[in-house]
Amino acid sequence: MLALGIDPGTAICGYGFVESKGSRLIPHAYGSIFTTPNMKMEDRLLKIHTELDALIKKYKPDVMGVEKLFFNRNVTTAIPVGQARGVVLLAAAQNNLRLVERTPMQIKQDVTGYGKATKQQVIYMVTKLLHLPEPPKPDDTADALAIAICTTYCMNDAVWRNQL
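Heads up, the sequence shown is in the UniProt record's numbering, so the first residue is 1 and it goes up one at a time.
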């Protein structure tokens, strides 16, 4: 099963494709979609959607995992992240992808075994679990890979429990 993990953002939208074969996790492709602050918001969202749609069509994942939107005190950043998340969900729907949504704490728990793990601990575990030669950069890419890993765990658990 091939899972696509997405860490939505308007400046940097991380993505990662991770395949689950038995107990093995195999990274297929990962990176980030970048936009610049001087772009109009609608152009940033279009770029994210267009590039993500092309990646989905190229790799044909079975499922997409996306971090649930977590509102903290900074509403200024929550709104653009929500807009990016919207175009990500649109791409999933247009490509008939099953969607798995997890909170940041659930993702950390699944990847590190501790729901309050630091960003560095998540990056370390992503690097080790996927046998990467070096930590993925930027952090948004590492987060997307963590979401993809978490998504494979969720789907494997659902299959095991016959919930699909």
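Yeah, the Cβ is synthetic: ideal placement off N, Cα and C, and Gly gets one too.
(1) To the nearest angstrom, how far is it from the Cα of Ser123 to the Cα of Leu145?
(2) To the nearest whole angstrom, what separates the beta carbons of Leu55 and Tyr114, a pair I think is in contact under 8 Å?
(3) Assuming contact is defined by CB atoms lying nearer than 8 Å, are Ile48 and Ala3 in contact in what I supplied?
(4) Taking contact to mean at least 3 C-beta pairs separated by less than 8 Å, is the stretch 6-15 in contact with the stretch 61-68?
(5) Give the DSSP bridge partners of Ser23, in chain order.
(6) For Cys13, list the residues DSSP reports as bridge partners.
Taking the definition as stated:
(1) For the purposes of this step, residue 123 is identified with residue 123 of the sequence shown, where counting begins at 1. For the purposes of this step, residue 145 is identified with residue 145 of the sequence shown, where counting begins at 1. Here residue 123 turns out to be Ile, not Ser, going by the sequence shown. If you take the alpha carbons of Ile123 and Leu145, they lie about 9 Å apart.
(2) Here residue 55 is taken as the residue at index 55 of the sequence shown, counted from 1. Here residue 114 is taken as the residue at index 114 of the sequence shown, counted from 1. With a contact defined as Cβ atoms closer than 8 Å, Leu55 and Tyr114 miss out at about 30 Å.
(3) Mapped onto the sequence shown, residue 48 falls at position 48. Mapped onto the sequence shown, residue 3 falls at position 3. The answer is no: Cβ separation not under 8 Å.
(4) Contact holds: three or more Cβ-Cβ distances are below 8 Å.
(5) As a position in the sequence shown, residue 23 is number 23, starting the count at 1. The partner list for Ser23 (beta bridge, DSSP) is empty, contrary to what the question assumes.
(6) Start at 1 with the first residue of the sequence shown, and residue 13 comes out as number 13. Looking at the DSSP output, Cys13 sits in a beta bridge with Ile33.
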